[in-house]
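Using the working numbering, read the sequence shown as starting at 147 and increasing by one per residue.
Yeah, the Cβ is synthetic: ideal placement off N, Cα and C, and Gly gets one too.
Only a predicted model underlies this, so the values are computations on that prediction, with no experimental measurement involved.
Structure first, then comments.
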Amino acid sequence: MEYLLDVRFEDKTYNALIHLVTTLTAQSNQEAQIFVDELIDGFKRRNITVLQGTYTRIDHDPVFSSRQYEYYKFCLKRATATVKIEQFIFENPNQTKSLIDNLTERLLNGESSTAWIGNKYNIPVRVIDKETRNQIVGEFFFQNIEHLIPKNNSSSE
Numbered sequence: 147m148e149y150l151l152d153v154r155f156e157d158k159t160y161n162a163l164i165h166l167v168t169t170l171t172a173q174s175n176q177e178a179q180i181f182v183d184e185l186i187d188g189f190k191r192r193n194i195t196v197l198q199g200t201y202t203r204i205d206h207d208p209v210f211s212s213r214q215y216e217y218y219k220f221c222l223k224r225a226t227a228t229v230k231i232e233q234f235i236f237e238n239p240n241q242t243k244s245l246i247d248n249l250t251e252r253l254l255n256g257e258s259s260t261a262w263i264g265n266k267y268n269i270p271v272r273v274i275d276k277e278t279r280n281q282i283v284g285e286f287f288f289q290n291i292e293h294l295i296p297k298n299n300s301s302s303e
């Protein structure tokens, strides 16, 4: 299943408004929902306020899919910077804590403090100054999001 993810958020560090549009694939609606929830948790850990966020399945109707891809391409043309999303996979991550806090806590508790590194994505985003509405370009904007993914206990290593 293919989805279009459309998220608008406020980064208080940069005093900026950010618009992220990307596609994602998932095996089911539930998997897509979990993925998006984990990603939103990553934004929250960075003190980023999600103002609006939707994900819509786009592969069920060719006309709808075509229109959504037009919108996606339009957003890509307007992008001024990128958000780097790094995936880390380990058992039962606490989504309110950063990767280092999760692993340190596990180490101190004598638990496995190993995380597998997943994919890294640089997603184009449009960034504007919250007050002036002037564009902020990549040389002046850097955002790195840790996407903590629970390891599937039934999968083999």
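Counting only runs of 4 or more residues that sit fully inside the stretch 165-225, the alpha helix (DSSP H) segments are 175-191, 208-224, in chain order.
Scanning its chain for C-beta atoms nearer than 8 Å, with the 5 sequence neighbours on each side dropped, one finds around Met147 the residues Thr171, Ala172, Gln173, Ser174, Asn175, Ala178, Arg203, Asp205, in chain order. Rounded to whole angstroms, Pro296 and Ile235 show a C-alpha spacing of 6 Å.
Within 10 angstroms of the beta-carbon of Pro239 lie 16 or more other beta-carbons, which makes it buried. Ile246: member of the alpha helix (DSSP H) spanning 245-254, first to last residue.
For the 8 Å CB-CB criterion, Glu156 and Ile194 form a contact. Counting along the chain, Ala227 sits inside the beta strand (DSSP E) bounded by residues 227-236.
Exposed is the label assigned to Glu285, since fewer than 16 other Cβ atoms lie within 10 Å of its Cβ.
The continuous beta strand (DSSP E) containing Val271 extends over residues 262-275. Using a Cβ distance threshold of 8 Å, Val229 and Gln281 do not count as a contacting pair. In the same chain as Thr168, and ignoring 5 residues on each side of it, the C-beta atoms closer than 7 Å to its own belong to Leu151, Ile269, in chain order.
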